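Numbering (my numbering), first residue to last: 14 to 384.
C-beta atoms are modelled at their ideal positions from N, C-alpha and C, and glycine is treated no differently.
Remember, it's a predicted structure, so these values are computed and weren't measured experimentally.
Quick notes on the structure that follows.
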Amino acid sequence: MWKEITRDEIARVLTEFGLTYDDFTVSVFSSGHINMTYRIDISKDGALDSFVLQCINTYVFRSPELMMNNIAKVTDHMVGRMLADGQDPYRRVLHFLKNQNGKNYTYGEDGHFWRCYDLVDGARTYDSVEDPAVLESAGRAFGNFQKLLSDFPMDTLVETIPDFHNTKLRLKSFFAMVDEDPCGRAKDCAEEIEFFKQRKKVAGCLIDQQEKGVLPLRVTHNDTKYNNILIDDETHQAICVLDLDTVMPGLAAYDFGDAIRFAACTAAEDERDLSLVKLDEECYEAFTRGFIGGAEGFFTEAEIESMAWGARNITTELAARFLEDHLCGDKYFKTHRKDHNLDRARAQIQLVKDMEAKFDWMVETVRKYAK
Ligand code: GN1
Ligand code: MG
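Written out as C-alpha cells, the structure is:
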C-alpha cells in the first residue's frame, strides 16, 4: 500500500495541514513495523522547521479517525495534568497539526490517511539501549504515562484494535492459522508450533486474572518499545512517549513486559543467531527500577506480582503474532527479508525460554523495587 506515495502527494498533504514552504525535504524516519513515517524539513523565508508526517496503515487500524480522536483526548488530558501539577508540557506531549477543517488528520490519494506533528528538537529515539541509566528513565516515563492517565475516563476510549493484548484470543487465532496454513508453511515450523501448544494455558494467566477482577484495567500504552520514547540529546533522559495509536484499556504488566521484551534483550528482535538472544539482567533491573520505583506505590500488590508474567506472556504473544503472520503470507508486519517474521518469532521464542529460566529472579527484582 505504500509504493504509490509520491512527493506531489506529500506536498498536497503539507498544504492541507496549513504548512507553506519555499522548499522541503523528505526522509524516511523510524523503524516501526506498521505505519510509514517521514521526517519533513521545511524551508521558508530562510528559516527551517521540521515535522513528522505519518501515513497510517489502515489494514491494521481500521478506524483511523476514531484512533485520532483517542489521541486528541489522551494528549489533551496529559497536557492538562502537567499544567495542573505545575509542569511544562512543552516537548513532553506530541502536538498534532490540524487540517483546514480543524481535524488532526487528513486524507491523501487513494484513501491514504495522514497525520502530522511537530518534531521535538534536540531529542531522538534509539533502537537499542546504550546505557541502562537511560533505560531507567524510559521506565520512569512509561510508568508516569500510566499515572498521568489514571484519572482518564477509560470508557471514552475506542479500542483501536479490539482484543489487542488478549493473549488467549491471540493464541486461538494463531492455532486457527496453523490449521488453515494458506501458504503451506506450517510443516517447517513444527518445533515452534509445539512451543505454543505447551504454553497455551500459562500464557493466558494474566487475562484470566483480569477477567476474575484480580488485575485492574488501566489506560495503557500497549506498545512500549524503547524506540517509542524520545530521549533528550543533552540530558539523556526520556522526555516524551510516542506512538499513541494503541492507547486503550489494558494491563499494566503488558506495558512493563513489552518494554522488557524489546529493551532488556541482548539481541535485536529479529536476531537469527539464537545463541545471542537472552534476557539482559542489567537492563531488566534498570527498567524495573524506573517503572516500578517511579510509580511510587501506584500499582496494586497483584499488579506487582503480575509484572514478570507480563514480560513472559507478551513475548509469547508477540512470537505467536509474528509466526501467524509468517504462516498467512506476511500481511501485517512490514518485512525486509525472506522469512523475516519467522526469524522474529524464533528470537522471541528463545527470549521466552531464557525468561522462564530466570523467572524467579525476575519476580524478586520487581518486588525489590516495589518496597
Ligand atoms: C508493532 O509499529 P511498531 O513497530 O511500533 C506492533 C506492536 C509490536 C511491535 C513489534 C499496532 O509496533 O504490537 O509489539 O510492532 N504494533 C501494532 O516490534 O501491531
Ligand atoms: Mg506502533
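DSSP places K57 within a strand segment (E or B) once states are collapsed to three. Where D245 is concerned, the enclosing beta strand (DSSP E) starts and stops at I242 to D245. In the DSSP assignment, A154 falls within the unbroken alpha helix (DSSP H) covering P145 to L161. For L257, the closest C-alpha among the options F155, F37, Y297 and R350 is that of F155. Separation of S63 and D54 (C-alpha to C-alpha, rounded to the nearest whole angstrom) is 4 Å. Here the distance from the Cβ of D236 to the nearest heavy atom of ligand 1 is below 6 Å. In the DSSP assignment, D367 falls within the alpha helix (DSSP H) that extends over H353 to A370. For S319, the uninterrupted alpha helix (DSSP H) segment begins and ends at E314 to C341. Under the three-state reduction of DSSP output, L292 falls in the strand class.
For A251, the enclosing beta strand (DSSP E) covers residues A251 to V254. Taking the C-beta atoms as reference points, N235 is found nearer than 7 Å to F177. Assignment of Y267 by DSSP, reduced to helix, strand and coil, places it in the helix class.
Straight across, the Cα-Cα distance linking H353 with P166 is about 39 Å. The three-state reading of DSSP puts A216 in helix, counting H, G and I together. In the DSSP annotation of this structure, the continuous segment of the beta strand (DSSP E) that includes D36 starts and ends at D36 to V41.
Ligand 1 has no heavy atom closer than 6 Å to the beta-carbon of I69. Judged by the Cβ position, I18 fails to qualify as a neighbour of ligand 1 at the 6 Å threshold, every heavy atom of the ligand being at least this far.
Shown here, Y345 sits in coil according to DSSP, grouped into three states, outside any helix or strand.
Per DSSP, F311 is not a residue of any alpha helix (DSSP H), being assigned neither H nor E. For the pair G323 and G263, the CB atoms are not nearer than the 7 Å cut-off. For I174, the closest of S56, A216, F30 and T71 by C-alpha to C-alpha distance is T71. Here I69 carries a strand assignment [DSSP, helix/strand/coil]. By the beta-carbon neighbour count (other beta carbons within 10 angstroms, threshold 16), S40 is exposed. DSSP places T233 in the uninterrupted beta strand (DSSP E) bounded by R231 to T233. If the five residues before and after M375 are omitted, its C-beta is found closer than 6 Å to the C-beta atoms of A321, all from its own chain and listed in chain order. Taking the Cα positions, C278 is about 14 Å away from T329. Note on A276: 16 or more other CB atoms within 10 angstroms of its CB, so buried under the neighbour-count rule. With a threshold of 6 Å, the Cβ atom of D256 counts as near ligand 1, since some heavy atom of the ligand is closer than that. The closest heavy atom of ligand 1 lies 6 Å or more from the beta carbon of H353. In the three-state reduction of the DSSP assignment, S76 falls in the coil class, being assigned neither a helical nor a strand state.
Check the Cα spacing between E172 and each of V232, E143, F311 and T180: the tightest is with V232.
Of the candidates T301, H125 and D35, the residue whose Cα lies closest to the Cα of A146 is T301. One Cα belongs to L107, the other to R137, and the distance between them is close to 13 Å. Shown here, Y103 sits in coil according to DSSP, grouped into three states, outside any helix or strand. DSSP, read as helix, strand or coil, puts C196 in coil. In the DSSP assignment, R25 falls within the alpha helix (DSSP H) that extends over R20 to E29.
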